[in-house]
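The sequence shown stops at residue 497 when you use the numbering used here, and every number in between is there.
The C-beta atom is built at its ideal place from N, Cα and C for all residues, glycine as well.
Here the structure is a predicted model, which means the values were calculated and not measured.
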Amino acid sequence: MEEQISLYILTWNVSVNDPPDEETLKRSLGLDSSELPDLFIIGLQEVSSNPVDMVANTIHEDPWTQAYMDLLMKYGYVKVRTKKLVGISLNVFSLRKHVPKLRHIKEDHFKTGVGGYWGNKGAVGIKMEIGGCSFVFLNAHQAAHEGTYYFEKRLSEYKSITERLDYLLDKSSKSVTFWFGDLNYRFIVEDTNERALSEAGRSTDVSNGVDTSAFSQKDRFKMILSHIAKRNFSGLLQIDELHKAYASGKAYEGFIEKQPNFAPTFKYAKNCDVYDEKRIPAWTDRILYKTQGISYCDSDAKSNKTSQCICQSDYDSITSIALGDHRPVFSRFNVRLKDTSHCELSVAFDEIEDWTLGISNTVTCSMITNGCDQNLRILGNDWIGIFKEDVFSCLNNYVTYAYVNDSLVDERVVERGKKRIELKFLDSLICSPGRYIMIYFRSSIVLHDNFRIERVKDVLGVSDPFVVRNSRDQLLSRKTLKFVHCSILLYKPKNNYW
C-alpha cells in the first residue's frame with residue numbers, strides 16, 4: 000500500500016525575541032496554503048535562555064512551543080515531541096490521523112558550546128518511524144564568526160555531533176535524515192577570484208587566487224551586496240563555506256541541499272529589511288537532507304508508481320517576517336513510501352459507548368500483529384493515556400493515565416496474530432464529564448553504548464472519541480438538591496424570624 004508523507008521544515012533564529020502575533024506565526028508555517036502537510040518540523044535557535052526562563056520551561060512549555068501548539072491545534076495537529084537544549088528548540092507536529100502510526104520516538108542532544116560544557120551551541124535530534132520509514136530531524140546551532148579558524152571549528156562540530164548522535168543516524172533500510180538550523184557558514188571572500196570582484200564593480204588587474212584579506216570590511220560588504228542585488232546566487236554559492244564543505248567531502252557526506260535561490264538570511268539590522276554593515280551577509284540558515292533506501296525524485300521515480308522516493312518542492316526564506324537579525328527559512332518535502340505499518344504491532348480499541356463517573360468502567364481492545372503470537376505480549380511499561388478531546392494538542396498533555404497490567408482483567412488469543420484484552424479502570428480515573436480519547440503507549444528504556452540512556456515511545460493505538468457522563472446517583476442527587484432549593488424558595492414562613 001502506497002503512503003504519501005508531506006513535510007514542512009522551518010528553521011528560524013528568533014534572536015531571543017518573544018513569539019510574535021498569531022498572523023506572523025501562520026505566515027512562518029504557510030498555513031494559508033490550500034494543502035497542509037502531514038508533519039510540521041519547527042527548529043528554533045536563540046530562544047530566550049535566561050535562568051528564570053530556563054527554570055520555568057522545565058515546568059511549562061516555553062512560550063514559542065506553546066504558541067505553535069495553540070495555533071496548530073486549530074488545524075488538527077498534535078505535538079509529537081519537543082527537544083530543547085538551552086536556546087535550541089525542536090518541535091515535531093503531526094496530523095491527528097497519523098498519530099497511531101508513530102513508532103520508536105526517541106530524542107537526544109549534544110553540546111558544543113564552551114568546549115562541550117555549555118548548550119548555547121550544539122544540536123538536538125528527534126527520530127521516529129512512520130509507515131516503516133525512519134525520519135530523523137536534527138536542529139543545530141553551530142559556532143559563529145568569519146574566518147578559517149571558525150570554519151574549521153564548524154566542521155569539527157559537525158563531526159562531533161554525528162559521532163555523538165550516531166545511533167539516531169543509523170543505517171536502517173529506509174530512512175530520511177534532515178539536518179537544518181543556524182549552521183553559521185559564511186562566504187569565503189578571501190578566495191574570491193578576479194571575475195567575482197569585477198562583477199561587484201571593482202576594477203582590478205590581479206589574477207585568480209588573489210589574497211583579498213587586505214580588502215576592507217566595507218569593500219567586502221559592498222561586493223556581496225552587489226551579488227545579492229543582481230540575484231547572482233549561483234555565484235555566491237561558489238564562495239559559500241557549506242557548499243565547499245560537502246563538495247570537497249570534508250563534511251555532510253551524502254547530504255543534499257537545493258541551491259538557495261533567496262538572499263542571504265543574515266545579518267539584518269534588527270527588525271529591519273536592510274543588512275547590518277558591521278557583518279558580511281551570509282546563508283547561515285540552511286536545510287539539508289539525505290536518504291537511505293529511498294531514491295531522490297527524478298523523472299524515472301515519478302513515473303514509477305511503486306518507487307519510494309523523496310521530492311523537495313520549495314526552499315525559500317520568508318522575508319516578510321522581520322524579527323531579529325535572521326530571516327526564517329523553510330522547505331517542503333513529499334516522501335512516497337510503501338506503507339508497512341500494517342505489519343507492525345498495533346492496538347485497535349472497540350467503541351467505548353458509555354463511561355460513567357463514580358463507577359468502574361470496562362474497555363476492550365485487540366492487540367494485532369502479522370507476526371507470530373509471541374509478539375502479542377503486554378509489557379510492563381505499556382500504559383493508557385487519557386486526553387480531553389477539545390484540548391488534545393500534545394502527546395504529553397494527558398489528564399490521567401493507567402498502566403495496562405494494573406487494569407488488566409482478561410487477555411486471550413482469539414486467532415493467529417490477534418489477542419483480545421479487557422481492561423477495567425478505577426472509578427476515580429476520570430473526574431469530570433466531557434469528551435475524551437485513549438491512547439495505548441509502549442515505553443522502553445535502553446542503555447546505549449553502556450553509558451547513555453535511550454528512552455523510546457511507541458503509539459500502538461488511538462480510540463475514537465467517547466463521552467464521559469455523570470452517574471445516575473450524581474444526577475439524582477443534583478435533581479434532589481435542585482428540588483429542595485426550589486421548595487425552600489417557594490415556602491413562605493408565617494413568622495418574621497426567617
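Contact between the segment 386 to 405 and the segment 344 to 353 is absent, with fewer than three C-beta pairs closer than 8 angstroms. Between the alpha carbons of Asp107 and Gly384 lies a distance of about 23 angstroms. Per the coordinates, the alpha-carbon of Ser174 lies some 16 angstroms from the alpha-carbon of Leu38. Secondary structure remark: continuous beta strand (DSSP E) runs of at least 3 residues inside the segment 62 to 137, in chain order: 76 to 84, 87 to 94, 102 to 112, 117 to 129. Gln311: member of the beta strand (DSSP E) spanning 308 to 316, first to last residue. For Tyr74, the closest of Asp218, Val46, Phe177, Lys25 by C-alpha to C-alpha distance is Lys25.
In the DSSP assignment, Gln291 is bridged to Ser174.
With respect to the 8 angstroms criterion, Thr363 and Arg419 are classified as neighbours on the basis of their beta carbons.
Your pair Lys423 and Val408 checks out as a contact, with CB atoms roughly 5 angstroms apart and the cut at 8 angstroms. Taking all protein chains shown into account, Ser93 has 16 or more neighbouring C-beta atoms within 10 Å of its C-beta and is therefore buried. The beta carbon of Ser88 is closer than 6 angstroms to those of Leu43, Val46 in its chain, skipping five residues each way along the sequence.
Ile227 carries a helical assignment under DSSP once its states are collapsed to helix, strand and coil.
Contact check for Ser215 against Phe261 fails: the beta carbons are separated by 8 angstroms or more. Annotation for Phe386: Tyr397, Ile436 place their beta carbon closer than 6 angstroms to its own, counting only its chain and skipping 5 residues before and after. If you look at Lys243, you'll find it in the alpha helix (DSSP H) that goes 240 to 246. Sequence-distant Cβ neighbours of Cys393 in its own chain, meaning closer than 7 angstroms and more than five residues away, are Met68, Val77, Lys78. Contact annotation: Lys229 and Gln311 have beta-carbon atoms that are not nearer than 8 angstroms. Note: Thr23 is not bridge-paired with any residue in the DSSP secondary-structure output.
Boundaries of the beta strand (DSSP E) around Glu2: 1 to 12. Look at the segment 311 to 398 and you find these whole runs of beta strand (DSSP E), each 3 residues long or longer: 328 to 337, 345 to 348, 360 to 367, 381 to 387. The segment 15 to 30 makes no contact with the segment 140 to 159; the number of CB pairs closer than 8 angstroms stays below 3. When secondary structure is reduced to three states using DSSP, Tyr149 falls in the helix class.
In this model, Glu276 and His226 are separated by some 15 angstroms (Cα to Cα). With respect to Asn183, Arg153 sits close: the two C-beta atoms are nearer than 8 angstroms.
Boundaries of the beta strand (DSSP E) around Gln44: 38 to 44. Comparing alpha carbon positions, the residue from Ala122, Ala321, Phe332 closest to Lys289 is Phe332.
Separation of Gly323 and Gly248 (C-alpha to C-alpha, rounded to the nearest whole angstrom) is 33 angstroms.
For Val273, the secondary structure class from DSSP, reduced to helix, strand or coil, is coil.
Ranked by how close their Cα comes to the Cα of Thr399, the residues Leu428, Gly29, Arg80, Ala321 have Leu428 in first place. Counting along the chain, Asp405 sits inside the alpha helix (DSSP H) bounded by residues 403 to 406. In the three-state DSSP reduction, Arg285 falls in the strand class (E or B). Here Asp272 has Ala321 as same chain residues with Cβ atoms under 7 angstroms from its own Cβ, once five neighbours each way along the sequence are excluded. Taking C-beta separations shorter than 6 angstroms and ignoring five residues to either side along the sequence, the partners of Ala250 in its chain run Leu154, Tyr157, Ala244, following chain order.
Within the same chain, Cβ atoms closer than 7 angstroms to the Cβ of Thr264 are found at Trp282, Thr283, Asp284, Ser316, His325, Arg326, Val328, the five residues on either side in sequence being excluded.
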